[in-house]
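With the numbering used here, letter number 1 in the sequence shown gets 8, and the count goes up by one each step, no holes.
Just so you know, even glycine gets a beta-carbon here, dropped at the ideal spot from N, CA and C.
Written below as structure tokens is the structure these notes are about.
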Amino acid sequence: MDDDVADRLAREARRTGQTYRAVVNSALRRGLEAPPAVEPFRVRASPMGLRPGIDLDDIEGLLDRLDGPLRR
8 MDDDVADRLA REARRTGQTY RAVVNSALRR GLEAPPAVEP FRVRASPMGL
58 RPGIDLDDIE GLLDRLDGPL RR
């Protein structure tokens with residue numbers, strides 16, 4: 008066992024009032040437990056489309072619609 012790991016275990020034993028052996032066993036049990044199964048995150052895409060009258064090729068028109076007449 009590396010010295011830094013032994014030192015951390017000894018500090019944890021002093022902090023919790025447990026024996027060194029109990030702290031080692033507890034840490035090993037936690038480390039050996041299988042992680043809980045996690046469902047992978049999936050994005051559900053749905054077609055958004057554009058509102059009628061919106062033309063992405065007309066930047067000036069889009070800015071006018073978004074910012075209003077005070078834009079200029």
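Rounded to the nearest angstrom, the gap between the Cα atoms of D64 and G75 is 18 Å. For the 8 Å CB-CB criterion, A20 and Y27 form a contact. Within the model, the alpha-carbon separation for R37 versus A44 is close to 16 Å. Using a 10 angstroms sphere on the CB of V50, the tally of other CB atoms stays under 16, which defines it as exposed. In the three-state scheme derived from DSSP, where H, G and I count as helix and E and B as strand, T26 is classed as coil.
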